[in-house]
Amino acid sequence: MQTAHLIFNPVAGQGNAEQELALIQELLSKKFDFKTHLTTPEIGADDLAKQAVQQGVDALFVSGGDGTVSTAATAVIRTGIPLGVIARGTANAFANALGIPTGIEAACEVILKQQTKTVDVAFCNHLPMVLLAGIGFEAETVQLASREAKNRFGILAYILAGLRKLQTLEQFEAEVETDDRVISFTASALTIANAAPATSVLAQGPAGLIVDDGLLDLTIVAPANRTSAIAATYHLLQSALSGNPAERDDVGYVRSKRFKVTTHPPQKVVVDGEMVGTTPIEVECVPAGLTVFMQDPEAEIPTEKLEGLPDLVIEPKDSEN
Ligand SMILES: Nc1ncnc2c1ncn2[C@@H]1O[C@H](COP(=O)(O)OP(=O)(O)OP(=O)(O)O)[C@@H](O)[C@H]1O
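Residue numbers (full-length UniProt numbering): 1 to 321.
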C-alpha cells in the first residue's frame with residue numbers, strides 16, 4: 001500500500017468537521033496507508049506538509065479552505081509527490097480552477113483512481129503561486145472580505161466586497177515587461193494567472209486558461225468609470241462561462257512565461273488569496289511544477305449519454321456490417 005499524510009483543517013468550511021474527517025479516512029484507507037495531521041492556529045499546513053515531504057510519503061492529501069490547500073501545495077512543488085485535494089472551504093478556488101470536484105466523496109474518488117497530472121505553477125517575487133496574482137482591485141477586495149463576513153455569507157462576501165470597492169474605483173499607471181516587450185497603460189486591475197476558477201472574473205481575459213502550457217496569462221481591466229467597470233466585469237464572467245475571449249476596449253490580455261510589473265502608485269498584491277505586499281512584482285512560470293490527483297480535463301467532457309432512455313437496448317453490431 002502507498003503511504004500518505006492527510007492534512008486536515010478542522011475549522012475550515014461550515015460542515016461537521018468530525019464527520020467529514022471520518023468519511024475521508026474511511027474512503028482513502030481503501031488504497032492508502034496514511035496518517036492524519038490536524039492543523040492548529042500554531043501548526044499550519046506549511047509545517048505539516050514539509051514534514052510529510054521530509055518523511056518521503058508517496059502522496060499528500062489536504063483538506064481545508066484555499067489557505068490550507070495552497071500552503072500544502074507549495075510544499076510539494078518540484079518534489080513529484082502527488083497532491084490530493086479535498087476542498088472544504090468557502091470559495092474552493094484551487095479545486096475549481098483545476099476541475100477537482102468539491103464534494104468529499106467525489107474528491108476522494110478522484111484520489112482513489114490514482115490518476116495524476118502535472119500542472120504549471122509560478123513564483124511571484126520568489127513566493128510560490130499556483131493560481132494567480134491579483135494587483136489593485138482584487139487585492140483590495142480580499143482585504144475587505146472579513147472572516148466574519150465569509151462565515152455569514154460565503155462567496156457572497158467577496159462579491160459584496162467587490163461592489164463596495166467599485167465605489168472607489170482607482171486607476172494606476174502600469175508598466176509590464178513580458179518575454180519580448182514592454183507595455184505601458186493605465187488600469188484598475190491586473191491579474192497574472194496560471195489557473196483560475198470562473199469566479200475569478202478579473203483573470204478571464206483570454207477565457208479558458210491552460211494550466212500546463214508553461215505560460216502565464218495577464219488580464220488587464222481598465223474601465224473609465226463605475227458603469228464600465230460593472231459592464232467589464234459582467235463581460236469577463238461571460239467570457240469565462242462561454243470560453244470566448246474578452247472583446248472590450250477596456251479589457252486586454254497577453255501571454256508570457258514571465259511578467260515584471262511596476263505601477264505608479266504602488267498597488268497591493270494578493271497571491272492565491274493572501275496579501276503578500278505591493279508592486280513591483282516579478283512572476284515566472286515553472287512548467288509542470290506540481291503533480292495533482294486529477295482527471296484529464298478532456299476526459300470529463302461526456303461524448304455520449306444514453307442511459308435513462310425508455311426501453312433502451314444497446315447491442316454490438318455484426319463486425320461484417
Ligand atoms: N485548529 C485550528 N483552529 C483554529 N484555526 C485554525 C486551525 N487550523 C487552521 N486554522 C486557521 O485556518 C486558516 C486557514 O483556513 P482555510 O483557508 O483552510 O479555511 P477557510 O478560511 O474556511 O477557507 P475559505 O478562505 O475558503 O473560507 C488559517 O488562518 C489557520 O491559522
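Yeah, the Cβ is synthetic: ideal placement off N, Cα and C, and Gly gets one too.
If you're wondering where the values come from, they're calculated on a predicted model, not measured in any experiment.
C-beta atoms of residue i and residue j nearer than 8 Å
| i | j | result |
| --- | --- | --- |
| Leu51 | Phe293 | Correcting the residue identity first, residue 51 is Gln in this sequence and not Leu. No, the Cβ-Cβ distance between Gln51 and Phe293 is not below 8 Å. |
| Thr291 | Pro82 | yes |
| Ala97 | Leu60 | no |
| Ala240 | Ala198 | yes |
| Val271 | Cys124 | yes |
| Leu169 | Val201 | no |
| Val176 | Leu216 | no |
| Thr191 | Ala203 | yes |
| Val76 | Val53 | yes |
| Thr39 | Thr68 | yes |
| Gln19 | Thr36 | no |
| Thr233 | Ala174 | no |
| Val254 | Ala122 | no |
| Ala93 | Val269 | no |
| Ile7 | Ala49 | yes |
| Leu27 | Glu105 | yes |
| Gly214 | Lys257 | yes |
| Asn194 | Val182 | no |
Residue i - partner residues in DSSP beta bridges
| i | result |
| --- | --- |
| Ile281 | Val261 |
| Phe172 | Ala187 |
| Ile192 | Ala133, Leu218 |
| Arg226 | Bridge partners of Arg226: none, in fact. |
| Tyr253 | Thr219 |
| Lys30 | In the DSSP output, where bridge partners are listed per residue, Lys30 has none listed. |
| residue 322 | With the chain represented from 1 up to 321, any question about residue 322 goes unanswered, as that position is not in the structure. |
| Leu237 | Note: Leu237 sits in no beta bridge, so no partner. |
| Phe123 | Pro128, Glu284 |
| Met294 | In DSSP, Met294 forms no bridge with anything. |
| Leu38 | Phe8 |
| Glu274 | Val271 |
| Lys117 | Val292 |
| Thr3 | Asp33 |
| Val182 | Glu177 |
Reference residue i, options the options, closest by Cα
| i | options | result |
| --- | --- | --- |
| Ala224 | Leu237, Asp249, Leu215 | Asp249 |
| Gly252 | Gly273, Gly277, Val221, Gln267 | Val221 |
| Arg226 | Thr40, Gly99, Phe137 | Phe137 |
| Gln171 | Thr178, Ala189, Val182, Ile183 | Ala189 |
| Ser63 | Gly84, Val57, Asp46 | Gly84 |
| Gln55 | Gly44, Ala4, Gly67, Asp213 | Ala4 |
| Lys117 | Lys305, Glu284, Ala288 | Ala288 |
| Thr266 | Asp311, Ala106, Ile135, Leu21 | Here residue 266 is Pro; the residue named in the question, Thr, does not match the sequence. When each option's Cα is compared against that of Pro266, the closest is Ile135. |
| Asp296 | Ile43, Phe32, Asn92, Gly99 | Gly99 |
| Ala73 | Ala93, Arg255, Asp46 | Asp46 |
| Gly65 | Ala95, Ala49, Arg78 | Ala95 |
| Glu274 | Lys113, Met129, Ala107, Lys317 | Met129 |
| Ser184 | Phe259, Glu247, Lys317, Pro316 | Phe259 |
| Arg78 | Cys285, Lys113, Asn9 | Cys285 |
| Phe34 | Pro41, Asp179, Asp58, Gln14 | Asp58 |
| Ala229 | Gly13, Ala187, Asp179 | Ala187 |
| Ile281 | Asp311, Thr178, Pro316 | Thr178 |
| Leu21 | Ser242, Phe32, Asn9 | Asn9 |
Local Cβ density within 10 Å of residue i, reported as buried at 16 or more and exposed below that
| i | result |
| --- | --- |
| Ser70 | buried |
| Asp120 | buried |
| His126 | exposed |
| Val261 | buried |
| Gly103 | exposed |
| Pro245 | exposed |
| Val11 | exposed |
| Ser29 | exposed |
| Met1 | exposed |
| Leu309 | exposed |
| Ile43 | exposed |
| Arg88 | buried |
| Leu306 | exposed |
| Gly15 | exposed |
| Ala196 | buried |
| Ala107 | buried |
| Gly80 | exposed |
| Gly13 | buried |
Cutoff 8 Å: residue i Cβ touching any chain C Cβ
| i | result |
| --- | --- |
| Asp311 | The structure shown has no chain C; it contains just one protein chain. |
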